[in-house]
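FYI, in my numbering the residues of the sequence shown are 2 to 365.
Each residue gets a CB set at the ideal place from its N, CA and C atoms; glycine is no exception.
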Amino acid sequence: MVDWRQIQARIRKARSAPDALVKMTDLFERTRDAMVAFELARLHEKAGASEDAVKCYTVAFERFRRIGWRKKAEEALVRLGAPVPAAPVETRPAESATPPSEAPAAPGPNIPAAVAAGEGESQLAFAHVIFAEAEPEIPSGAPRSERPARAEAPASPGAPEGKRGRRGRRGGRGRRRGKGAGGTAPPVGAAPPPAPRPREEASRPEPRREHAPPPEAEPGPISIEAALAGRAKAGDPALASRSAKLESQLRRLIAAPPHGTDEYDTAPAGPGVLLLSDSDLTTYYYIEACATLRVALRILVQGQRGRERGESIRGRLAEHLDISESKVAKYLQEHCAVRWLQLDEGAAHLAHFAVALLRPALNE
2 MVDWRQIQAR IRKARSAPDA LVKMTDLFER TRDAMVAFEL ARLHEKAGAS EDAVKCYTVA
62 FERFRRIGWR KKAEEALVRL GAPVPAAPVE TRPAESATPP SEAPAAPGPN IPAAVAAGEG
122 ESQLAFAHVI FAEAEPEIPS GAPRSERPAR AEAPASPGAP EGKRGRRGRR GGRGRRRGKG
182 AGGTAPPVGA APPPAPRPRE EASRPEPRRE HAPPPEAEPG PISIEAALAG RAKAGDPALA
242 SRSAKLESQL RRLIAAPPHG TDEYDTAPAG PGVLLLSDSD LTTYYYIEAC ATLRVALRIL
302 VQGQRGRERG ESIRGRLAEH LDISESKVAK YLQEHCAVRW LQLDEGAAHL AHFAVALLRP
362 ALNE
């Protein structure tokens, strides 16, 4: 696929040809581009061939990626009374991908603990399943007060009231301590087991501290090099102001009023930067820093040889647009515009900066 800039140039060339319909049809068969199909549909519509225009508008609607151009093709189909095709398939997966993510979220609150553990939706539900399976295995023994307190089944009728108070541990420790001393005794006995764990954890970081000092002695020279590198990156403090100045000058050049290529007599007789582009300012062709803007524009229009490369700019433009050099003058008058910015100093710097950012076709 050729560059879209060349596509635009070839569309203009085919549109300005005497047999524009034949040229545009040939161009569409070679490129199969959506923009070419849209322009071909316009020509068919002007010629009165509604069926061919509907076919081309349909192809353009299906191939366009931007919504704006697709909307124009849709309006043209409605204007001709033709059915509008369905939207391209590229936009449909995004719509169908959202409902599956929302579907599993609905049954979340009603999932049983056993199913939730099997599906792995929550670690807390999995822990409740493990405790529920482990509690009935130890019904007898001394610690009966702990197991029945967690289960929701009622305790034996002979059990004291203090043990029933243990059911409140889920809400937090320390609740209902005043009812009986028997309920508070087990938590006190359960406290000693976790005591040795922090002692082991406290003893573990000691070997880590022994290994920590050696790497601290090495980063001495590395920190100095990092500081020097940081100073080198800072550079000249005037660097930011220079780049800001070049950027503002480039914006002034692009925002300058366009002039026709045959209006070289109106150009100032002073140094500056010259910018040649199409009339829509979508394609940049040539940028030059010249000593006299009027003379440089006259050389550009008359097709004289350049000083640096020794070849005509019109010849390079004809080669870029794939047209004959004799048609370049007409193309410059109808489809191109010239902008300039007069500068007494720094014209060459601005030209290099503009070439690096805009990347015109004839300066490469």
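Paired residues, beta bridge with residue i - DSSP
| i | result |
| --- | --- |
| S278 | Y285, A338 |
| C291 | G273 |
| S242 | Partner(s): none; S242 has no beta bridge. |
| H260 | V339 |
Whole-angstrom distance between residue j and residue i, CA atom to CA atom
| i | j | result |
| --- | --- | --- |
| V274 | E52 | 50 Å |
| A330 | R315 | 8 Å |
| H336 | A88 | 34 Å |
| Q334 | D281 | 14 Å |
| R360 | G82 | 44 Å |
| A292 | K56 | 54 Å |
| D279 | K72 | 25 Å |
| A357 | L22 | 39 Å |
| L41 | F29 | 8 Å |
| G261 | A349 | 24 Å |
| T32 | E75 | 22 Å |
| A18 | K24 | 7 Å |
| G49 | I12 | 20 Å |
| Y1 | L277 | This structure does not reach residue 1, given that the chain is present from 2 up to 365, and the question cannot be answered. |
| R67 | A61 | 11 Å |
| F39 | K14 | 15 Å |
| A47 | L318 | In the sequence on display, residue 47 carries Lys and not Ala. Roughly 31 Å separates the two Cα atoms. |
| A239 | A10 | 42 Å |
| V79 | D263 | 42 Å |
| V296 | Y265 | 8 Å |
| A257 | P86 | 43 Å |
| T59 | Q7 | 24 Å |
| L363 | A355 | 13 Å |
For residue i, the three-state DSSP class (helix, strand or coil)
| i | result |
| --- | --- |
| S325 | coil |
| G344 | The sequence shown places Leu at residue 344, not Gly. Reduced to three states, the DSSP call for L344 is coil. |
| R71 | helix |
| R299 | helix |
| R360 | coil |
| A268 | coil |
| E365 | coil |
The alpha helix (DSSP H) enclosing residue i, as first and last residue numbers
| i | result |
| --- | --- |
| V85 | First-last for V85: undefined, no H or E at that position. |
| E63 | 51 to 64 |
| S17 | 5 to 17 |
| A38 | 35 to 48 |
| T26 | 21 to 32 |
Stretch pair the stretch 272 to 288 + the stretch 339 to 356: three plus CB contacts closer than 8 Å:
Yes: at least three Cβ pairs fall under 8 Å.
Evaluate contact between the stretch 317 to 328 and the stretch 245 to 252, counting only Cβ atoms and requiring at least three cross-stretch pairs below 8 Å.
Contact between the stretch 317 to 328 and the stretch 245 to 252 is absent, because fewer than three Cβ pairs lie under 8 Å.
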